[in-house]
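See structure below.
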Amino acid sequence: MRILLAASAALLFTALQTSAGDEGWTEISVEDLDTAIRSGDANIYDNNPKFIWEKRRVTGAQWLNAMKYTAKDLPEDKGAMLVFYCMNEK
Numbered sequence: 012m013r014i015l016l017a018a019s020a021a022l023l024f025t026a027l028q029t030s031a032g033d034e035g036w037t038e039i040s041v042e043d044l045d046t047a048i049r050s051g052d053a054n055i056y057d058n059n060p061k062f063i064w065e066k067r068r069v070t071g072a073q074w075l076n077a078m079k080y081t082a083k084d085l086p087e088d089k090g091a092m093l094v095f096y097c098m099n100e101k
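Going by the working numbering, the letters in the sequence shown line up with residues 12 to 101, in that order.
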């Protein structure tokens, strides 16, 4: 898993942390993401095309079509940590 996370470090990892009155995007380090994954605190979403998600993904990541998702696709807990990632050419 560490290798996958280290390889994914080149990707843009962002976390959307939503709580009452405080909404916004923040970056998360690979180390903090690893801790969140291990503790079960992270809800990870892969926004790559589905064929890429099927080939490889961060362990535990769910595929999410960013253009066609509903509230049912996300956790009920509005304060949950949501982590979205995709490939980035940079």
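All C-beta atoms in this analysis are idealised placements derived from N, C-alpha and C, irrespective of residue type, glycine included. Remember, predicted model here, so these are calculated numbers, not experimental data.
Bridge partners - residue i, DSSP secondary structure assignment
{"i": "tryptophan 3", "result": "There is simply no residue 3 to check, as the chain begins at 12 and stops at 101 in what is shown."}
Residue i versus the options, residue with shortest Cα-Cα distance
{"i": "alanine 72", "options": "Glu42, Ile48, Ser40", "result": "Ile48"}
{"i": "tyrosine 96", "options": "Val69, Asp43, Asp45", "result": "Val69"}
{"i": "asparagine 76", "options": "Gly51, Trp36, Ile55", "result": "Ile55"}
{"i": "methionine 78", "options": "Asp57, Gly90, Lys89", "result": "Asp57"}
Spatial neighbours of residue i in its chain, beta-carbon cut-off 7 Å, leaving aside the 5 residues before and after
{"i": "aspartate 84", "result": "Leu75"}
Whole-Å CB distance - residue i paired with residue j, under 8 Å assumed
{"i": "methionine 92", "j": "aspartate 52", "result": "6 Å"}
Chain-order list of residues whose beta-carbon lies under 6 Å from that of residue i (same chain, five-residue window excluded)
{"i": "asparagine 59", "result": "Cys97, Met98"}
Proximal residues to residue i (C-beta, below 8 Å), its chain only, five neighbours per side dropped
{"i": "lysine 61", "result": "Trp74, Asn76"}
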